[in-house]
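Have a look at the structure below before the remarks.
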Amino acid sequence: MKILIADFDLFKKMGGGQTFYRSIIKKNPQIDFYYIAEKEPLDTPRPPNAHALPYQEQFLLTDFKNFFEVTPPKWVERAFVMASNIAASAINQRFDVVDVPDYEQWGIFLHPALNYFKVDFGCIALSMHGVISKTLRLDWFDGGRGNIPLDLQEKMQYQTADIRYGISKSYLDEWQVVDKLNSSYYNPLHFLDIPQPTLSLPSESSPSVNFIGRTEKRKGPDIFVDLVWWIPRGNYSQACLIGPHSYNYNNTQSSQDYFTGMINHRQKDIKLCPPMTRSELVELFASKSVTFVPSRYDTLNLVALESLFSGCPTAIGSGAGVCRFLEESFPEVPFIKIDVNNIYESLSEIDAVLNNYDQYRQNLVDQIRSSTFTANDPTLGEIYQDSVDFNTEIREELNQWYSQLFTYWSSNQSGFSLGKIPGIKTVKTQVKSKIKPIYKRIQNTIGETKARIKQPLDEARNAQTLKSLKLVNRYKYTFNASELTQKDLGNKVKECWKLGSAFGGGNQSLQEKLENGYRIDRVRLWREIARIEELRGNELIAATYKLRGIRLLDQDLFGDLSYITRALNNQGFSKEANVIQAMYGKPADREAQCYELIEQALLDNVLNNNWDYELVDDRRDKSVYRVSVIVSLYNAAAKLPLFLRTLQHQTLVQRGEAEIILVDSGSPGDEYQVFQELASELNIPIVYARSKQRETIQTAWNRGIDLSRARFLSFLGVDETILPGCLEILAAELDEDPELDWVTGHSLVTSVDKNGSWVSDIMPYDRKKYQQDLVYLETCYLSWVGALYRRSIHDRFGYYDGSFRGAGDTEFKSRILPFIKSKVVDRTLGVFWNYPDERTTQSPAIEIEDMRAWYLHRTLAGVRYAFADRSVEELEKLIYLSLCYRKSYCTHTSTDLEYAYNLCLYLKKIHPESNALKYFQGIETLLNAYRSLDWIPKLSRFSPVSRVIETRKIASQIQKDHQRSWNHESSLGLTPTYQIFNDNRHEQHSFLWFTDVDNNS
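Dropping the structure here:
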């Protein structure tokens, strides 16, 4: 039997497809295999039954540069060229079967191409390894976008082949959904070299854990990184990512860019290793190690089989077809199956293997040795003799397309041309291969040049200086736009969004970017948006923008205060209305009224309520626990199973030292039903309580505190989680220091899909060099996710204020911060799962609440409340920090002139001779300059740019003055940089709220 494999350089390339073909050549010595040698030397060592045909390149893709017919489409030209050249390379020969891999697409035209070049063949067999479109769609790049032309070619190739065969039943079943054409299963046992299973080499160290494979996203390297993070560090000796990287279409991005960031945010000691040779893999599998192939999608995965059958414990992603193969063919052979939709479920099994490695491996080896490695499925020769089955309509269409393309090509071959002489054509191809890298370098250089041209727009001060010249013209266009209908108002507010943000920026040209995204004269723009939103019926949004203007200028310059307080009362924010009236009402009364409100909040929340419940399902078996995890539930049914299953891995939960308290705030969902289904499976100390009606998160937390039986408290939402050792690590800190009230680690914000599976990292909360007073500058320095505090805090300073809808956690911190001691553990312990749905704490309502929770405590009265019983030195140090600090979620330094100004006012009152007050004049001058940049009263064409330049000069001079006498020790080693747009006024509550404009009529 003679077989032509329609692929290239089988004994030079190292891809999975080429490995498969080399294996079947070796395992079928009775069959003569032919293939095309393009870059592989003809004298390359190969088995006696393998024969290389020199590649004949008669057709070039450039031959079709002027072909513009409707059919066939442009995207089949490469398939035509490759199929024709393959056929030309086998001209006048005879084969029983032509075997074409489905990871290429030239199979769509092999029938007519072979016929034209008088290649005698029996049938075309499609060897089904895995289509490239799926790999591209599941990779890191381009957001998982599809490729319709590629999808169509793959489908047509499947339909026009005479016979089809594959090494994965799962993959064959996928295609049966597309078309019911017959296909055959080629059992991997027919071509695999089954290794001898061995026990690991003797070692006193813990096992190593190793990801092996190409680091495409579908292969799950990110799953490996995340799992390793959750495995106790003492359970493994080292962790390695072994394999080549994947790249985007133009090689400007690699998979390494993605998971290197993941590693840096998590477990920094994961090693990146190049691909291993076969002998190196054999040695690795024989060592004390666990192999991870956590594939989201794989037609099979031969590495998993090689590792497992070598006796090496192997963890395999449920998306790999090899799982089905093992479960059906070797049900007694153990392996760890990682559910790719709930990866944490496998942690217990992974830990068990690592902790009992020798015993597990002995059982694995015993099961493999007792297994039978024979297959009763059809052999390759039998498959090649299958009866043909194809889609006649598709084949006829493809034959017609080939004929059209060939006719076009032939018509352009008439007449003399140097390029048509075979020798010249060969030289042309060789020159082209050398020119292509040069062309790519030129393209990259052009791209770099464009990037340099755009670079000034990357630095905020330069960008705003350049943009300011066009501000007045943009105002004329936007402010004069029509307002006759709701549709007009919607269009007008969108233009305002462009003016004040990056709205629509993804599709903007460089010119458009120069005319949008302004961060100067913001008060005017925000008040204009407020006016439009008021006309559109969005009263709360309008009040929010008007309030921003008052807050930035620290005065009610436009008489908006009465509208704001009325609107807030209308919308149920009466307490916030009172706070705002106190903060911006009569200047002489501000401090006293604000201080009274702060003190009143302390008194109002001294006691917890006596709560009634609709139901309480208590499954705790002890009267005292060490830690309580309190969770508020509302519309959380879908997220609850993953949340509870991950919480189950907490070491204190497993030891029965931690209880879980679920508080259902009158949710309309099925949370209780989900709880009942899970409770017996989880078998952990847990209580489920439900209120009769909907309540705020902070009210639910107060209920949870009331139900708690522990001295340490943790609070989580179902879209948050903590690492397995988190509670134990933090509880040990509190036990060790009786004076310590609150302890937290670092945390990581991630984006997940609707199932909770990782999509990307968004940002870390890095709390290194923590000082408690940093919380006055950036509230996220003290957190709940990955944190623990003493329940006694509530006995001393009261409970959460349940009147808050979303900012009650911030108010609680502001209220208790002067009286507690907190600490950061230098480990990332908390994780935010940002599901596709909207988070409660991101809304104009929460921005309004922050006036009571946060901004009230930043007034002069708030400073007095915070520092009344503290030393002058601590106050001075916070002034330094407010001029030079790093937010926990940023890498750059920020300033907070507003707060620095109020700190100085208080310091002048209590210690007027303080050395730190030498910065006060500069702070006041710079703050006024920043305010003047937010409201430019007399507009002309050049007044904006003049104001920006003047502010830059002021900032530069004050920066030099401050740096000359700066105390770096008081600012954690940081140096003040006054860049205007790195001030907190531009970093907090400065983004725009995009309302719904789609339904305007």
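Going by our numbering, the first residue of the sequence shown is number 17, and it counts up by one from there. For glycine and all other residues, C-beta sits at the position ideal for the given N, C-alpha and C.
Touching by the beta-carbon criterion (3+ pairs, under 8 Å), the region 475–490 and the region 974–989: Counting Cβ pairs under 8 Å, fewer than three are found: no touch.
Residue closest to D285, alpha-carbon to alpha-carbon, out of T315, V244, H261, G259: V244
Per DSSP, cross-strand counterpart(s) of G182: M144, Y201
Ordered list of alpha helix (DSSP H) runs contained in the region 546–624, each at least 4 residues: 555–569, 577–586, 590–600, 606–620
Contact under 9 Å by Cβ, T911 with C920: no
Segments assigned beta strand (DSSP E), at least 3 residues, entirely inside the region 764–852: 774–781, 803–806, 838–850
Closest by C-alpha distance to A1091, when choosing among T844, G250, V801, T795: Past the edges of the chain, shown from 17 to 1017, lies residue 1091, and the structure says nothing about it.
Own chain partners of E549 with C-beta closer than 6 Å, once the 5 adjacent residues on each side are dropped: I557, A558
Own chain residues within Cβ distance below 6 Å of A66, not counting five before or after: I41, F49
Per-residue burial, V879 [other beta carbons within 10 Å of its own, 16 or more giving buried]: Buried, by the Cβ-count rule.
Beta carbon of N264 nearer than 9 Å to that of W156: yes
When K503, L526, R535, L541 are compared against K492, the one with the closest alpha-carbon: L541
Option in S590, V690, I745 with minimal Cα separation from T667: I745
From W849, P953, L732, L618, residue whose alpha carbon lies closest to that of I778: W849
Chain-order list of residues whose beta-carbon lies under 6 Å from that of P211 (same chain, five-residue window excluded): F325, S326
Within-9 Å CB hit, I19 to chain C: Going by chain labels, chain C is absent from the structure shown, which holds only one protein chain.
CA-to-CA distance, F1007 to H127, given in whole angstroms: 60 Å
Distance CB(Q192)-CB(S199) smaller than 9 Å: yes
Straight-line gap, F45 to E220 (C-alpha atoms, nearest Å): A small fix is needed here, since residue 45 is Pro in this sequence, not Phe. One C-alpha to the other measures close to 45 Å.
Three CB pairs or more closer than 8 Å across the region 77–87 and the region 418–428: Flag = yes, the region 77–87 and the region 418–428 touch.
Segments assigned beta strand (DSSP E), at least 3 residues, entirely inside the region 210–234: The DSSP assignment places complete beta strand (DSSP E) segments of no fewer than 3 residues inside the region 210–234 at 224–228, in order along the chain.
Inter-residue CB distance, H1002 and Y935 (contact presumed, cutoff 8 Å): Wrong, their Cβ atoms sit about 21 Å apart, outside the cutoff.
Sequence-distant residues of its chain with Cβ nearer than 8 Å to P684 (five each side left out): N651
I399 versus Y51: straight-line alpha-carbon distance, rounded: Roughly 19 Å separates the two Cα atoms.
Burial state of N101 (16 or more Cβ within 10 Å): N101 counts as buried, since at least 16 other C-beta atoms from the protein chains shown sit within 10 angstroms of its C-beta.
Same chain only: Cβ atoms within 6 Å of L563, ignoring 5 sequence neighbours per side: Correct list, in chain order: I580.
Neighbourhood of L618 by C-beta distance below 8 Å, restricted to the same chain and skipping five residues each side: F813, G814, R831
R706 - partner residues in DSSP beta bridges: DSSP lists L631, D680 as partners of R706.
Cross-strand partners of E889 (DSSP beta bridge): None, per the DSSP bridge assignment.
Three-state secondary structure assigned by DSSP to H8: Since the first residue shown for the chain is 17 and the last is 1017, residue 8 is missing from the structure and cannot be characterised.
Of the residues V225, Y881, K287, the one placed nearest I332, counting alpha carbons only: V225
C-alpha gap between P290 and E85, whole angstroms: Computed Cα separation, rounded: 46 Å.
Cβ contact (3+ pairs, closer than 8 Å) linking the region 265–285 and the region 315–324: These segments do not touch.
Uninterrupted alpha helix (DSSP H) stretches inside the region 318–394 (no shorter than 4 residues): For secondary structure counted as the alpha helix (DSSP H) over 4 or more consecutive residues, the region 318–394 holds these complete runs in sequence order: 318–325, 338–345, 363–371, 373–385.
Assigned secondary structure, V1013 (DSSP; H/G/I helix, E/B strand, else coil): coil
Per-residue DSSP class, three states only, for Y534: coil
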